[in-house]
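Quick note: the sequence shown uses this note's numbering, first residue 83, plus one each step.
Ideal Cβ positions, reconstructed from N, Cα and C, are used throughout, including at glycine.
Right, one structure below, let's go through it.
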Amino acid sequence: QVLAIMPKFTAVISIVSMAYAVQLIIRCRRRLHRMYHRLFLGFAAYDIIYNLTFLVGTWAMPKDKGDQFWAAGTKATCVTQSFFSQLGSAVFLYPPALCICSFYAVRYDCKEEVYTTFERKAHLACTILPLISAALLIVSDFGGVDEIRCWVPVARRVCSNQDFTKEDETLCEDGYPTLSFQVKTIAFASLLFLVSAFVCIVCVSMTYVVDRKKRYLNQFLQGKRLYIETARKNKSRQNLVLGASHAFVSIFCNALFLVGRMLAQSVVNPHVSFAIILAGLISTTLTGFFNVLIYLKVKKPQYEDTNSELLAKHSMRKSIRSVEHIFYVTGGYKPKLPSKKFNGGPGTATNTIPDFGIFMGGDEEDDFSGDEDSLHAVTFRLPVDDTFKKSVVLEVSQPCEVASNSSSLDFESCDEYLNDDHVLK
Numbered sequence: 083q084v085l086a087i088m089p090k091f092t093a094v095i096s097i098v099s100m101a102y103a104v105q106l107i108i109r110c111r112r113r114l115h116r117m118y119h120r121l122f123l124g125f126a127a128y129d130i131i132y133n134l135t136f137l138v139g140t141w142a143m144p145k146d147k148g149d150q151f152w153a154a155g156t157k158a159t160c161v162t163q164s165f166f167s168q169l170g171s172a173v174f175l176y177p178p179a180l181c182i183c184s185f186y187a188v189r190y191d192c193k194e195e196v197y198t199t200f201e202r203k204a205h206l207a208c209t210i211l212p213l214i215s216a217a218l219l220i221v222s223d224f225g226g227v228d229e230i231r232c233w234v235p236v237a238r239r240v241c242s243n244q245d246f247t248k249e250d251e252t253l254c255e256d257g258y259p260t261l262s263f264q265v266k267t268i269a270f271a272s273l274l275f276l277v278s279a280f281v282c283i284v285c286v287s288m289t290y291v292v293d294r295k296k297r298y299l300n301q302f303l304q305g306k307r308l309y310i311e312t313a314r315k316n317k318s319r320q321n322l323v324l325g326a327s328h329a330f331v332s333i334f335c336n337a338l339f340l341v342g343r344m345l346a347q348s349v350v351n352p353h354v355s356f357a358i359i360l361a362g363l364i365s366t367t368l369t370g371f372f373n374v375l376i377y378l379k380v381k382k383p384q385y386e387d388t389n390s391e392l393l394a395k396h397s398m399r400k401s402i403r404s405v406e407h408i409f410y411v412t413g414g415y416k417p418k419l420p421s422k423k424f425n426g427g428p429g430t431a432t433n434t435i436p437d438f439g440i441f442m443g444g445d446e447e448d449d450f451s452g453d454e455d456s457l458h459a460v461t462f463r464l465p466v467d468d469t470f471k472k473s474v475v476l477e478v479s480q481p482c483e484v485a486s487n488s489s490s491l492d493f494e495s496c497d498e499y500l501n502d503d504h505v506l507k
């Protein structure tokens, strides 16, 4: 009963987690433009199918044969569940695809246009191979009762006449599975997993070697290239960790399930066999949940912009962001000491106090710096000649009197308000 009920809860956790990741990807156009997110979208779709077979569990098993807990199906429902259980084995193939994507990202500095054809091949391989395997499982009539669902039958049920879906006597001999039975079990249950585990290990190793080699060649760079390569180094390191994390979680959880499934057949003690099977079922149904946790790490801003500390000092984009919250005052501010006039033309200022600046706010020594209503116009002189044709419009908190002569225009703060139709030029 525990084996029939417990995986349903863990399967629901993975289904809800993957559904949340799917809606995050679909609702964000930026994520749909990146290959990693599109590959994870396919991974999530097949993981939902894979966990749905565990959620259905014993409900699809024929109720008129056997002693399975909560069995309420027929032979047709068992065959259908066997097909989708084998189709869900695509979850074994998407982690290698993510690892290969990480390898290309490190090798080509995240230029996806260089390796865009890989994505189509990855989706095709992760779909066609499980589909062919599921079709062969049904055609060969090898589908049977697993521990809690209909999939590849276990040897102890077949050879002890407990498998009510198999009548082929060639599968067992003297109470032991034949070589044909063992080969079919490996081909349908473990082959895709073994291939994916091998590809993951090779890709992670190659990614690490390529990353180390590229960073060694660029360690003597200076100036702008140094900052660029530092940013690429951090990005490559993240891609390496990302691919390795997906590979490790998928290999570990699914290996615990498949290896435990085989070991449980040879264990005599029923309590030990029960513990091994339960641990494997929980681990394989929580694989999607753990992969979503890794995926959500990408959603955090510090992951998407890992070079913030570096770029904040050397990037114009970051420099603009760092001052975008500051208030700009067109007329400057009134300093604590009396302001001085410009003597002469532009570029001949003799005063030491800046007449133009950025209003920072929060200056404890300046009584006017924190109050926008107390701002005054800065006194200055502008030359008037034939070359100075543009109109200068000042925004001040108090109106100003205009005094003009043949050589300059003087703007000074005053206490009298002018009419609204006056324009300072």
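Item	Value
Contact set for residue 326: own chain, Cβ-Cβ below 6 Å, skip 5 residues either direction	286
Beta-carbon proximity check, residue 272 vs residue 225, cutoff 9 Å	no
Through-space distance from residue 288 to residue 296, alpha-carbon basis	12 Å
Residue 263 classed as buried or exposed, judged by whether at least 16 other C-beta atoms fall within 10 angstroms	buried
Boundaries of the alpha helix (DSSP H) in which residue 303 is found, first to last residue	Per DSSP, residue 303 belongs to no alpha helix (DSSP H) and is neither H nor E.
Residue 184 versus 201, 105, 92, 169, residue with shortest Cα-Cα distance	201
Rounded straight-line distance, which links the Cα of residue 307 to that of residue 316	14 Å
Nearest-angstrom Cα separation, counted from residue 236 out to residue 196	46 Å
Distance CB(residue 131)-CB(residue 174) smaller than 9 Å	no
The segment 91 to 100 contacting the segment 359 to 375, beta-carbon criterion three pairs below 8 Å	yes
Inter-residue spacing [alpha-carbon to alpha-carbon] between residue 311 and residue 300	7 Å
Bridge-paired residues (DSSP) for residue 233	226
Rounded Cβ spacing between residue 58 and residue 342 (contact assumed at less than 8 Å)	Past the edges of the chain, shown from 83 to 507, lies residue 58, and the structure says nothing about it.
Chain-order list of residues whose beta-carbon lies under 7 Å from that of residue 333 (same chain, five-residue window excluded)	279, 282
Burial state of residue 110 (16 or more Cβ within 10 Å)	exposed
From 134, 135, 103, 136, residue whose alpha carbon lies closest to that of residue 121	103
9 Å Cβ cutoff met for residue 230 and residue 136	yes
Cα-Cα separation between residue 161 and residue 101, rounded to whole angstroms	26 Å
Which of helix, strand or coil DSSP assigns to residue 257	coil
Counterpart residues of residue 144 in DSSP-defined beta bridges	155
Alpha-carbon spacing of residue 337 relative to residue 309, whole angstroms	42 Å
Residue 427 classed as buried or exposed, judged by whether at least 16 other C-beta atoms fall within 10 angstroms	In this prediction, residue 427 has a pLDDT of 49, which is less than 50 and means its spatial position is unreliable; what the coordinates show is noted afterwards. So residue 427 ends up on the exposed side.
Straight-line Cα distance separating residue 155 from residue 189	51 Å
Endpoints, the alpha helix (DSSP H) within which residue 92 is located	84 to 109
C-alpha distance - residue 171 paired with residue 153, whole-angstrom precision	23 Å
Proximity winner among 239, 194, 215, 255, relative to residue 266 (alpha-carbon distances)	215
C-alpha distance - residue 349 paired with residue 363, whole-angstrom precision	17 Å
Pairwise C-alpha distance: residue 123 and residue 114	9 Å
Contacts around residue 205, its chain only, beta-carbon distance under 7 Å, and the 5 residues preceding and following it disregarded	124
Residue 192 versus residue 220 - alpha carbon distance	42 Å
Beta carbon of residue 139 nearer than 9 Å to that of residue 86	yes
Where the alpha helix (DSSP H) through residue 219 begins and ends	199 to 221
Expected contact under 8 Å - CB spacing of residue 358 and residue 345 to nearest Å	6 Å
Separation of residue 99 from residue 88, as counted between CA atoms	18 Å
For residue 138, the three-state DSSP class (helix, strand or coil)	helix
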